[in-house]
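I have placed the structure first, in the form of structure tokens, so that the comments after it can refer back to it.
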Ligand code: BG6
Ligand code: MG
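Residue numbers (the working numbering): 6 to 219.
See below:
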């Protein structure tokens with residue numbers, strides 16, 4: 006099978022923003038006296054901002070109103086924006102640029118499929134915004150992963166049928182979104198090799214990534 010499109014998740018595949026999400030949530034949780042640690046943070050991988058807050062509030066000692074939740078999510082986001090403002094191209098994960106160069110040479114479309122509403126400024130800080138033929142982020146979708154919307158829209162914007170696209174995703178559960186979109190999937194790094202992964206890669210510097218598009 007010849008693949009003509011590659012759709013990349015952002016956090017955990019192209020750059021590790023988990024630590025910034027963690028710091029911003031942690032400050033908020035500490036202020037509210039809610040227990041939050043890195044293990045709970047793992048559950049936030051690929052999960053939308055409001056759903057992430059709901060997970061953190063599972064440990065809260067009281068119920069929060071919708072208004073309070075919106076305010077907390079906004080506070081977290083402005084802190085997160087401060088933290089990611091300092092991102093530089095040095096934070097690109099291994100193999101990203103070489104793979105993008107290779108895909109470009111082969112005429113394979115490059116798309117982003119991220120749940121983050123902050124994806125565009127992050128691509129800008131990483132210096133790779135102009136490498137993408139299509140960008141789909143949290144602002145474009147109504148339904149979060151594992152719904153296939155983010156990846157289906159990425160294929161649509163590449164002008165390709167879903168089954169000619171390959172998804173790169175670090176959250177094992179969200180490989181399901183790629184499968185539901187009708188795509189082949191590569192589990193990157195943390196995702197490991199579960200049953201939903203057609204390929205399992207250490208990171209994008211893993212030489213096997215080139216077999217996919219050979
Ligand atoms: C995903 C992250 O990419 O984006 C999640 O893995 C995060 O941890 C989600 O909650 C939403 O991000 P943002 O930037 O819209 O708050
Ligand atoms: Mg991710």
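We treat Cβ as the ideally placed atom computed from N, Cα and C, and that holds for glycine.
*How big is the Cα-Cα spacing for residue 40 and residue 201?*
32 Å
_Using CA atoms only, rank isn't needed, just tell me which of 70, 145, 199, 137 is closest to residue 12._
137
*Selected residue, minimal CA-CA separation from residue 221, among 61, 85, 25, 139*: Since the first residue of the chain shown is 6 and the last is 219, residue 221 is not available in this structure.
*asked:* Here's the rule: buried if 16 or more other CB atoms are within 10 angstroms of the residue's CB, otherwise exposed. What is residue 14?
replied: buried
*Once you ignore the five residues that flank residue 100 on each side, which residues in its own chain have a CB closer than 8 Å to its CB?*
208, 209, 210, 211, 214
*Out of 134, 159, 135, point me to the one whose CA is closest to residue 146's CA.*
159
_Closest Cα partner of residue 121 within the set 71, 140, 33, 133_ = 140
*asked:* Shorter than 8 Å, the distance from the beta carbon of residue 75 to the closest heavy atom of the ligand BG6, or not?
replied: no
*Please confirm whether any heavy atom of the ligand MG lies closer than 8 Å to the CB of residue 16.*
yes
*Looking only at its own chain, which residues have a Cβ that is under 6 Å from the Cβ of residue 64, when we skip the five neighbours before and after it?*
39, 40
*Could you tell me whether the region 123 to 130 touches the region 153 to 172, where touching means 3 or more Cβ pairs closer than 8 Å?*
no
*Can you tell me which of the three DSSP states residue 138 falls into?*
coil
*How would you label residue 118, buried or exposed, when you count the other beta carbons within 10 angstroms and need 16 or more for buried?*
buried
*Check each candidate in 20, 43, 110, 186 and name the one with the smallest Cα separation from residue 154.*
186
_Considering Cα atoms alone, identify which of 9, 26, 67 is closest to residue 55._
26
_Can you list, in chain order, the residues of its chain with a C-beta nearer than 8 Å to that of residue 43? Leave out the 5 residues immediately preceding and following it._
27
*Please go through the same chain and pick out, in chain order, the residues whose beta-carbon is closer than 6 Å to the beta-carbon of residue 96, but skip the five residues on each side of it.*
20
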